[in-house]
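The next block holds one structure in the form of structure tokens; read it before the comments.
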Amino acid sequence: MEELREYCNGAWDQNEVEGLYRRFRSLDRAHKGYISGEEFLAIPELSINPIASRLVRMYESVNFKEFVKLLSAFSSRASRDEKLEMMFHVYDVDGDGSVSPDDMRGMLRHLAGSLP
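For reference, each letter of the sequence shown is one residue, going 2 to 117 in this note's numbering.
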């Protein structure tokens, strides 16, 4: 438990980690030890998000440790830098370490629908 708390920089306390574990187990319907893209989209708050497909591509097949780390950026205890890092990774569509005009166009397509 302490290892998980350290891994996510203390973003979650023990009760929250236990709650996340219950949520993870309920999403992992086949009890494979990881969440597939389809299972990931079963999270109601995520399924209505316009960038859900981008998040699924980034984090498809996450195990519990990765699930806790992924969600830690959304914790009120996450630092500003941790939140910005998460946002950067979402917008760096091609994963080259920078957010290019092409990355921004791709994200705008996700957010607003098809653009010319």
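Backbone N, C-alpha and C fix where the C-beta goes; we use that ideal spot for every residue, glycine too.
At what residues does the alpha helix (DSSP H) containing residue i begin and finish?
i	result
residue 76	It is not in any alpha helix (DSSP H) - residue 76 carries neither H nor E in the DSSP assignment.
residue 53	53-60
residue 111	102-113
residue 20	15-28
residue 5	3-8
residue 42	Note, residue 42: premise wrong, no alpha helix (DSSP H); not H, not E.
Using C-beta distances below 8 Å, list every residue in its chain close to residue i, excluding the 5 sequence neighbours before and after it, in chain order.
i	result
residue 28	36, 40, 41, 43 and 44
residue 99	93
residue 2	15 and 18
Of all the options the options, which has the alpha carbon lying nearest to the alpha carbon of residue i?
i	options	result
residue 13	93, 81, 102 and 77	77
residue 87	3, 22 and 9	9
residue 112	33, 74 and 49	49
residue 20	97, 72 and 58	72
Below 6 Å CB to CB, which residues in the same chain sit around residue i once its five sequence neighbours on both sides are set aside?
i	result
residue 61	38
Per DSSP, residue i is paired with what?
i	result
residue 63	36
Beta-carbon within less than 7 Å of residue i's beta-carbon, same chain only, minus the 5 sequence neighbours each way: which residues are those?
i	result
residue 5	18, 66 and 69
residue 104	92, 93, 94 and 95
residue 51	111 and 112
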